[in-house]
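Here's the structure, in structure tokens; my notes come after.
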């Protein structure tokens with residue numbers, strides 16, 4: 001269901017041309033030399049998203065869920081339409097299973113503080129993996145320090161992928177939750193999340209999936225996965241900052257207490273007692289990021305118009321090209337990413353520290369991330385202090401990889417002198 | 001934009017690759033760790049004071065070319081200085097590295113040492129890298145203040 005205006009920019013049937021697609025992203029017009037390879041940190045925004053947010057404020061803006069006047073009703077309708085788009089995007093059964101949050105980080109903190117603090121007790125086990133970034137580690141540590149749960153960390157194997165056998169062996173009758181990334185942000189390792197979820201569920205544990213890197217690249221079906229929670233951030237999915245999604249199975253959300261109090265989440269308030277709304281509004285205290293949600297809805301439209309199969313095909317092909325091209329650079333070690341690497345190329349260049357490297361790359365207009373990628377335990381496990389990470393988006397093409405490779409060779413030359 | 005070769009001058013690449021005084025001191029009188037949480041760089045600065053003179057100073061750690069060269073050059077210029085001279089050099093260096101003006105002139109022998117640090121002040125054109133050049137100095141300051149077990153963080 002591509003719109004007429006967008007159809008003309010996809011010359012290849014079933015595919016798309018990133019060079020043409022770049023024109024849909026105004027950042028590249030403002031920065032013509034930019035080689036943007038940091039979408040894993042945050043993706044650039046298509047014109048449609050930028051315009052939608054701006055138009056919403058110009059034509060439809062009012063607070064949601066409270067005004068009787070028509071403008072507020074329209075704003076509410078747009079906000080709830082955006083929720084329905086998130087439902088369809090994740091193939092959730094019901095839009096009431098979609099909670100708007102600030103981002104994946106807030107979604108995980110919500111689950112830890114509401115579900116975790118209510119249903120877990122001292123000695124219960126939460127299983128994570130070594131592939132997690134800080135957002136899926138620290139909320140559980142805070143909960144551990146509060147109520148005494150145990151955190152169990154499933155290791156990676158020699159190839160850099162999740163060690164499934166070791167993971168399975170760590171599950172026990174005390175395992176109450178498995179919280180794991182779908183796609184590792186620091187290395188690009190794709191986790192066999194279907195299997196992980198099946199094993200967790202078979203043990204009677206709940207399953208939370210961190211979809212920050214997966215949502216922009218993969219077709220996600222929470223019903224097929226049969227997970228209890230799925231989180232992703234809008235800004236990594238071509239949407240605005242400050243908005244994200246927590247999917248929760250309705251019966252699970254219904255049993256959870258509010259985690260923040262305020263307007264919007266209540267039915268009735270007296271100074272003695274308040275009654276709370278049903279999900280999702282129970283978890284959306286205060287005025288939400290309305291324009292963010294509507295803008296994210298437009299970003300999801302953009303992704304669906306491109307086609308998630310096409311995006312995956314594009315990222316797979318470009319990841320393969322990147323592995324191929326970077327492997328030809330002497331002294332470059334691609335960080336292991338298990339059986340399947342997707343959308344992210346993390347590497348170490350012999351003799352050049354990641355920060356010095358990123359500095360030289362910037363001189364060549366190549367934007368990458370250098371450091372521990374908010375996944376310090378993983379980077380240290382890999383025997384590195386820091387890596388340089390190139391992460392892909394729909395607008396990247398082979399020319400961007402070639403520019404990266406040329407800049408890497410220039411850096412090598414500079415530091416070898 | 002400034003040419004990167006002005007940031008990565010030969011002396012910086014040399015000290016970055018072959019840091020001087022890159023060793024632990026077994027029984028230092030003062031010691032502190034510097035940690036840059038942004039990039040994970042860590043440095044430990046060891047000091048042996050003899051009265052108010054720096055009899056020996058060394059460092060260990062891991063970091064980028066800038067932070068390694070900065071620590072290496074720091075240990076070279078500090079050996080034999082008094083604590084007051086070390087602080088005057090840091091104040092001067094910090095001002096120059098952040099693009100500011102030093103508040104006081106350095107006396108002649110110290111001014112020469114400052115000349116040796118001059119290549120590192122190229123970081124002023126790259127605000128994100130200032131902390132690389134000053135991490136070891138902050139650790140030194142903490143060691144002088146705190147004695148034998150301190151960690152400082154740059155942010």
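Residue numbers (this note's numbering), protein chains in the order written: chain A, 1 to 417; chain B, 1 to 155.
Ideal Cβ placement from N, Cα and C applies to all residues, glycine included.
Proximity below 9 Å, CB of residue i to CB of residue j
i                      : j                      : result
residue 96 of chain A  : residue 253 of chain A : yes
residue 338 of chain A : residue 193 of chain A : no
residue 177 of chain A : residue 126 of chain A : yes
residue 52 of chain A  : residue 344 of chain A : no
residue 58 of chain B  : residue 25 of chain B  : yes
residue 114 of chain B : residue 92 of chain B  : yes
residue 40 of chain A  : residue 282 of chain A : no
residue 342 of chain A : residue 188 of chain A : yes
residue 22 of chain B  : residue 60 of chain B  : yes
residue 370 of chain A : residue 131 of chain A : no
Three-state secondary structure assigned by DSSP to residue i
i                      : result
residue 98 of chain A  : strand
residue 125 of chain A : strand
residue 162 of chain A : strand
residue 178 of chain A : strand
residue 388 of chain A : strand
residue 413 of chain A : helix
residue 268 of chain A : strand
residue 27 of chain B  : coil
Below-9 Å beta-carbon distance, residue i vs any chain B residue
i                      : result
residue 36 of chain A  : no
residue 414 of chain A : yes
residue 360 of chain A : yes
residue 40 of chain A  : no
residue 389 of chain A : no
residue 368 of chain A : no
residue 376 of chain A : yes
residue 417 of chain A : yes
residue 138 of chain A : no
residue 363 of chain A : yes
residue 205 of chain A : no
residue 133 of chain A : no
Sequence-distant residues of its chain with Cβ nearer than 7 Å to residue i (five each side left out)
i                      : result
residue 413 of chain A : none
residue 55 of chain B  : 48 and 49
residue 119 of chain B : 9, 11 and 12
residue 275 of chain A : 266, 267 and 268
Expected contact under 8 Å - CB spacing of residue i and residue j to nearest Å
i                      : j                      : result
residue 233 of chain A : residue 104 of chain A : 5 Å
residue 75 of chain A  : residue 62 of chain A  : 5 Å
residue 221 of chain A : residue 91 of chain A  : 4 Å
residue 183 of chain A : residue 196 of chain A : Residue 183 of chain A to residue 196 of chain A, Cβ: 12 Å. No contact.
residue 157 of chain B : residue 386 of chain A : The requested residue 157 of chain B is not part of the displayed model; chain B covers only 1 to 155.
Residues near residue i in its chain [Cβ-Cβ closer than 6 Å; skip 5 each side]
i                      : result
residue 16 of chain B  : 65, 68 and 69
residue 43 of chain A  : 236, 238 and 393
residue 35 of chain A  : 365, 366, 400 and 403
residue 199 of chain A : 168
residue 5 of chain B   : none
residue 300 of chain A : 85 and 89
residue 259 of chain A : 110, 113 and 114
residue 7 of chain B   : 122
residue 215 of chain A : 232 and 237
residue 132 of chain B : 64, 66 and 67
residue 22 of chain A  : 28 and 395
Sequence-distant residues of the same chain with beta carbon closer than 8 Å to residue i, five excluded per side
i                      : result
residue 47 of chain A  : 24, 25 and 26
residue 122 of chain A : 147, 148 and 149
residue 250 of chain A : 93, 94, 96, 97 and 279
residue 411 of chain A : 349, 352, 356, 357, 360 and 361
residue 418 of chain A : Only positions 1 to 417 of chain A appear in the structure, and residue 418 of chain A is not among them; the question remains open.
residue 203 of chain A : 171, 172, 173 and 175
residue 327 of chain A : 334
residue 166 of chain A : 154, 155 and 157
residue 287 of chain A : 63, 64, 263 and 264
residue 396 of chain A : 18, 36, 37, 39 and 318
residue 160 of chain A : 187, 189, 335, 336, 337, 338 and 382
residue 406 of chain A : 364
Chain A within 9 Å of residue i, Cβ atoms only
i                      : result
residue 66 of chain B  : yes
residue 99 of chain B  : no
residue 34 of chain B  : no
residue 116 of chain B : no
residue 46 of chain B  : no
residue 10 of chain B  : yes
residue 52 of chain B  : no
residue 122 of chain B : no
residue 4 of chain B   : yes
residue 129 of chain B : yes
residue 41 of chain B  : yes
Cβ of residue i within 9 Å of any chain D Cβ
i                      : result
residue 351 of chain A : The chain labelled as chain D is not found among the protein chains of the depicted structure, namely A and B.
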